[in-house]
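*Asks:* Numbering (the numbering used here), first residue to last: 2 to 205. The following block contains the structure, expressed as structure tokens.
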Ligand SMILES: [Zn+2]
């Protein structure tokens, strides 16, 4: 059982939350996807993979297999962190596509299919997309999809790094005035307020 604090979902975009799956929420560094069980838990908390699929994969796979996939997920995370670092602050142009080749290679492994289901609340038939979860590696696909969504749906001009000292969290600023500065007011925002207050008291 893991004693880690719950994972953080403050980025306002799942693909960026994935970058924040390693952070220093208090004093110590926590990597929520440090191993297979961590990856399964993060995917469950983030709602990226249906809980029954996760249970099935976890029951079927060898622990070492899941640990290996967690390693691949960490590689993917650090690769995407580099991409975001290179591009944030300006809109993505056509030349970003070649940098995204590794992500396209991951996405082409998808085993998605459509199925017609009865939509209970809408009382109508609907086309739902589903996915075959053949191997533990397939857990990387919804992560890749979340990263791809960041690329196509977010304006990179407004992807920001938290201004908190030593904070590594990133987020998409969706506020109206684009004035968001902190990963969360409760953590870094508060720390900054306290620090500013202390400075004011010191210099009368
Ligand atoms: Zn922060």
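Just so it is clear, CB atoms sit at the ideal spot from N, CA and C, and this is done for glycine as well.
(1) Excluding five sequence neighbours on each side, which residues of the same chain lie with their C-beta closer than 7 Å to the C-beta of residue 128?
(2) What ranges does the alpha helix (DSSP H) occupy inside the region 71-138, keeping only unbroken runs of at least 4 residues that lie completely in it?
(3) With a threshold of 8 Å, are at least 3 pairs of Cβ atoms found where one atom belongs to the region 138-149 and the other to the region 16-28?
(4) Throw me the rounded Cβ distance for the residue 80 and residue 103 pair, which I believe falls under 8 Å.
(5) Where do the N-terminal and C-terminal ends of the alpha helix (DSSP H) with residue 151 fall, by residue?
(6) What did DSSP end up calling residue 32 once you bin it into helix, strand or coil?
(7) Sort 6, 57, 29, 70 by Cα distance to residue 37 and report the nearest one.
(8) Hey, is the region 121-135 in contact with the region 154-173, meaning 3+ C-beta pairs nearer than 8 Å?
(9) The alpha helix (DSSP H) with residue 172 in it runs from where to where?
(10) Taking the straight line between their C-alpha atoms, what separation do you get for residue 11 and residue 25?
(11) For residue 52, name the three-state secondary structure that DSSP assigns.
*Replies:* Taking the definition as stated:
(1) So the list reads 115, 117, once near-sequence residues are dropped.
(2) Fully enclosed alpha helix (DSSP H) runs of 4 or longer: 97-100, 102-108.
(3) Yes: the two stretches touch, three or more of their Cβ pairs being nearer than 8 Å.
(4) Between residue 80 and residue 103 the beta-carbon gap is near 6 Å, inside 8 Å, which marks them as a contact.
(5) Membership of residue 151 in the alpha helix (DSSP H) is indicated by the continuous run 141-154.
(6) Here residue 32 carries a strand assignment [DSSP, helix/strand/coil].
(7) Nearest to residue 37 by C-alpha distance, out of 6, 57, 29, 70, is 70.
(8) Here the region 121-135 makes no contact with the region 154-173; the two share fewer than three CB pairs at distances below 8 Å.
(9) In the DSSP annotation of this structure, residue 172 is not part of any alpha helix (DSSP H); the continuous beta strand (DSSP E) holding it starts and ends at 171-173.
(10) Looking at the two C-alpha atoms, the distance is approximately 14 Å.
(11) The answer is helix: DSSP assigns residue 52 an H, G or I state.
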